[in-house]
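What follows is a single structure, written as structure tokens, with notes after it.
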Amino acid sequence: MNGDVITRRGTPLLVTAPSPHIRAAFLMLGSACFFGLMAVAIRLASKSLHTFEIAFFRNFFGLVAALPLLLRHGPSLLRTDHFPRYILRCVIGVLGMFCGFWAIGHLPLAQAIALSYSTPLFVTIAAVWFLGEQVRARRWAAVAIGFLGVLLIVRPGSASFTLGTLVAISAAVLSALVAIQIKQLSRTEPADRIVLYTTMLWVPMSLLPALFVWEWPRGITWAWVIAAGFLGTGGHMLWTRALKLGEVSALTPISFTQLPVVAVFGWWLFGERLDRWTVIGATVIFAANAYIAHREAQLARKHATTSPTEAAQPNE
Numbered sequence: 001m002n003g004d005v006i007t008r009r010g011t012p013l014l015v016t017a018p019s020p021h022i023r024a025a026f027l028m029l030g031s032a033c034f035f036g037l038m039a040v041a042i043r044l045a046s047k048s049l050h051t052f053e054i055a056f057f058r059n060f061f062g063l064v065a066a067l068p069l070l071l072r073h074g075p076s077l078l079r080t081d082h083f084p085r086y087i088l089r090c091v092i093g094v095l096g097m098f099c100g101f102w103a104i105g106h107l108p109l110a111q112a113i114a115l116s117y118s119t120p121l122f123v124t125i126a127a128v129w130f131l132g133e134q135v136r137a138r139r140w141a142a143v144a145i146g147f148l149g150v151l152l153i154v155r156p157g158s159a160s161f162t163l164g165t166l167v168a169i170s171a172a173v174l175s176a177l178v179a180i181q182i183k184q185l186s187r188t189e190p191a192d193r194i195v196l197y198t199t200m201l202w203v204p205m206s207l208l209p210a211l212f213v214w215e216w217p218r219g220i221t222w223a224w225v226i227a228a229g230f231l232g233t234g235g236h237m238l239w240t241r242a243l244k245l246g247e248v249s250a251l252t253p254i255s256f257t258q259l260p261v262v263a264v265f266g267w268w269l270f271g272e273r274l275d276r277w278t279v280i281g282a283t284v285i286f287a288a289n290a291y292i293a294h295r296e297a298q299l300a301r302k303h304a305t306t307s308p309t310e311a312a313q314p315n316e
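Take the sequence shown: its position 68, counted from the start at 1, is 68 in this note's numbering, and no numbers get skipped.
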């Protein structure tokens, strides 16, 4: 048993360190809170700044928060043979950021965040197309159920339907493509290099469109854009480290704590009421994502303990 020995009145005591799974759970909880608070900061900044500017400042101050990674690892962290892939990943990512930030600024916070949880559904589909993964009936059924949850939130044809919800869904699709890119990069690239290159490339990519609508932040708005940058990068770092320590199937439910965080702040700061269809739809999406993560973890463990011939069998 791992732990540190300390003494109390001369008596040695063994203090055990938390298990990796416990640490992963707390890291994922911290990540969800950071991302939820980042959404609140973006919403507050959107009262006086254009979406393009908010994205630029989030990326600029996010880069400031990520620079200690370069100090820790040195210039060798920037050595890569996959720079074109980073460019593609960041172009798609910044487009998804524009859509997601617009949704946070113009839709009810809880609705925008709930729709963002559809990303894993699109990841499953994209993995089939781009990674050649084979998905069988049970996971396809989970994906279909998840999209039913999306429809419950969006409710096309109803009086509450707006085209803005399609922007939020577009953000989820683009985020899924980014996740595929990260999955490909992570086979050979360390997590810190991915985080640093992402923030470095996002700054100039988001600056160009921001220049066309430029207006300097004033007063408290500076606090919101700085907070968005540091919270976003901090949440990303916690998220990557949580996934390194724990299983996706166990951590996915914890990531959904972002929704109650933004729901509480949406009610407190903006007078938003939590729509029951959003709650029902988010619950359905959560259940679908939890099952998909559970099946992927099961298959990963199965492939890790089988022979190469057995592991080559199609995924379920």
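We put the beta carbon where it would ideally sit given N, CA and C, even for glycine.
Residue i: first and last residue of the uninterrupted alpha helix (DSSP H) it sits in
{"i": "His21", "result": "20-45"}
{"i": "His236", "result": "221-245"}
{"i": "Gln184", "result": "164-185"}
{"i": "Gly149", "result": "137-154"}
{"i": "Leu69", "result": "51-73"}
{"i": "Gly266", "result": "258-270"}
{"i": "Tyr197", "result": "191-211"}
{"i": "Thr119", "result": "119-131"}
Candidates the options: closest to residue i by CA position
{"i": "Ala205", "options": "Phe60, Ile42, Met38", "result": "Inspection of the sequence shows that residue 205 is occupied by Met rather than by Ala. Cα-wise, what sits closest to Met205 is Phe60."}
{"i": "Leu67", "options": "Ala263, Arg295, Met237, Val264", "result": "Met237"}
{"i": "Thr80", "options": "Val225, Glu272, Glu189", "result": "Glu189"}
{"i": "Tyr291", "options": "Ala137, Val225, Val203, Ile169", "result": "Ala137"}
{"i": "Ala228", "options": "Glu53, His21, Ala24, Arg23", "result": "Glu53"}
{"i": "Pro260", "options": "Val154, Ala159, Ala282, Leu251", "result": "Ala282"}
{"i": "Ala176", "options": "Ala103, Arg89, Thr233", "result": "Arg89"}
{"i": "Thr252", "options": "Pro20, Ser31, Ala112", "result": "Ser31"}
{"i": "Thr51", "options": "Val154, Pro84, Phe98, Arg85", "result": "Phe98"}
{"i": "Ala171", "options": "Leu211, Ala112, Phe161", "result": "Ala112"}
{"i": "Val94", "options": "Phe212, Gly234, Leu243, Leu208", "result": "Leu208"}
Cβ-Cβ distance between residue i and residue j below 8 Å
{"i": "Val284", "j": "Gly149", "result": "yes"}
{"i": "Trp267", "j": "Leu152", "result": "no"}
{"i": "Ala297", "j": "Thr240", "result": "no"}
{"i": "Met28", "j": "Ser255", "result": "yes"}
{"i": "Ile194", "j": "Ile180", "result": "no"}
{"i": "Leu77", "j": "Leu201", "result": "no"}
{"i": "Leu44", "j": "Trp224", "result": "yes"}
{"i": "Phe122", "j": "Ala55", "result": "no"}
{"i": "Ile42", "j": "Ile92", "result": "no"}
{"i": "Val178", "j": "Gly234", "result": "no"}
Secondary structure of residue i, DSSP reduced to three states
{"i": "Leu107", "result": "coil"}
{"i": "Ser307", "result": "Annotation note: pLDDT 44 at Ser307 (below 50); position unreliable, no value reported."}
{"i": "Ser48", "result": "coil"}
{"i": "Trp102", "result": "helix"}
{"i": "Thr278", "result": "helix"}
{"i": "Ala159", "result": "coil"}
{"i": "Leu299", "result": "helix"}
Chain-order list of residues whose beta-carbon lies under 6 Å from that of residue i (same chain, five-residue window excluded)
{"i": "Ala288", "result": "Ala142, Ile145, Gly146"}
{"i": "Arg58", "result": "Ala228, Gly229, Gly232"}
{"i": "Val203", "result": "Asn59, Phe60, Leu63"}
Cβ-based neighbour list, residue i, same chain, cut-off 7 Å, excluding 5 preceding and 5 following
{"i": "Glu316", "result": "At Glu316, the pLDDT of 43 sits below 50, so the modelled position is not reliable; the number obtained from the coordinates is stated separately. Once the five neighbours on either side are set aside, the close Cβ partners of Glu316 are Arg136, Arg138, Arg139, Arg295, Leu299."}
{"i": "Ala24", "result": "Ala242, Leu245, Gly246, Leu251"}
{"i": "Thr309", "result": "Low local confidence applies: a pLDDT of 42 at Thr309 is under 50, so the model's placement there is unreliable, with the coordinate-based value given in what follows. Contacts found: none."}
Spatial neighbours of residue i in its chain, beta-carbon cut-off 8 Å, leaving aside the 5 residues before and after
{"i": "Pro20", "result": "Leu245, Gly246"}
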